[in-house]
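K.L.:
Before anything else, here's the structure in question.
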Amino acid sequence: MKAQTPDDFDILAYINPLIGCSNGGNVFSGASLLYGMAEAVADIDSCERQGGFTMDGANVAGLSMMHDSGTGGNPNLGNFPIFPYTSCPKNDINRYVFSKRDRAAFESFDNATVFAKPGTFGITLDSGIETEMTTTHASLFRFTFPKNYDVYRNWMAQQLLILQNTTELSDSRQGNATIIVNPETGRITGSARFLPSFGSGSYVLHFRTDFRGAGIFDSGIFVDSRANTVVKL
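The sequence shown begins at 1 in UniProt numbering and counts up by one.
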């Protein structure tokens, strides 16, 4: 019998990031490097979302890259969440469900589809969209859309949509955000000022989102319920 060597032992196989993410644990259970700033996970519309994700039956409100862990108190961070849709009604970006509360009512998931291990996190939404995420110095998201949209609300042949919002978990944004969308590449850049969950003062966070895969059919920046490509302040 061959003795096990240290090189044969994978300690990561014994780590379950989902421990503590529910029942008031407030633990961040998503993808991150050791001591990394980028922390990617699905954000849940729950009063226990201090770490972003929980398995208490609430729906997904977005997927974001900044989180706390074990904080208690009010939810914090979860800035600039993105959200994938299987279609736009009539391929018109002005017709889709865009508010955070509407999104949360729209996108449920089964806890059995959640996948988490050190450095990666995944979840399949009930719309059929598979989401996977990991991090380096940035957060990387991969969306796999259902091949047959007709199975999901008869949305065959309609355009896919990815939304990015300029809010965060506690809706503490101060004033308006600044955002620019490149209509050719889809690159989104912007910034906003937010309040912390503890202490005084505020902080400004900047972001850039790039896309690779499908081409750009249309783009826009929403103010109220209308979209255009003009810079917003």
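Even for Gly, the Cβ is constructed at its ideal location relative to N, Cα and C.
1. What is the residue span of the beta strand (DSSP E) that Pro84 lies within?
2. Just verifying my parser: in three-state terms, what is the DSSP assignment at Ile180?
3. Would you decide whether Met156 is buried or exposed? Buried here means 16 or more other CB atoms lie within 10 Å of its CB.
4. So Ala177 and Gly190 are supposed to be a Cβ contact under 8 Å. How far apart are they, rounded?
5. Shortest alpha-carbon distance to Phe115 belongs to which of Glu184, Asp7, Gly215 and Thr54?
6. Determine whether the beta carbon atoms of Thr131 and Gly36 lie at a separation below 8 Å.
7. Report yes if the CB atom of Cys88 is closer than 8 Å to the CB atom of Gln159, and no otherwise.
8. Can you grab the Cα-Cα spacing for the pair Pro81 / Met65, in whole Å?
9. Once you ignore the five residues that flank Ala31 on each side, which residues in its own chain have a CB closer than 6 Å to its CB?
10. Under three-state DSSP, which class holds Lys117?
11. Work out the CA separation of Phe141 and Gly52 for me, nearest whole Å.
12. Any idea if Cys21 is buried or exposed, counting beta-carbon neighbours within 10 angstroms, 16 or more meaning buried?
13. When we look at the beta-carbon of Gly78 and count the other beta-carbons within 10 Å, is it buried (16 or more) or exposed?
14. With DSSP run on the structure shown, which of helix, strand or coil describes Ile11?
15. From the DSSP secondary-structure annotation, give me the bridge partner or partners of Gly190.
16. Residue range of the beta strand (DSSP E) that Ile44 falls in?
17. Please determine, among Asn111, Lys117, Phe145 and Asp210, the residue with the shortest C-alpha to C-alpha distance to Ile11.
P.N.:
A quick look at the data gives this:
1. Ile82 to Tyr85
2. strand
3. The predicted model places Met156 with a pLDDT of 46, which falls under 50 and marks its position as unreliable, so this point remains unresolved.
4. 6 Å
5. It is Thr54.
6. no
7. Yes.
8. 8 Å
9. Only Ala40, Gly119, Thr120, Phe121, Met133, Thr134 and Thr135 meet the Cβ criterion.
10. Reduced to three states, the DSSP call for Lys117 is strand.
11. 16 Å
12. buried
13. buried
14. helix
15. Ile179 and Phe207, per the DSSP bridge assignment.
16. Val41 to Ile44
17. Lys117
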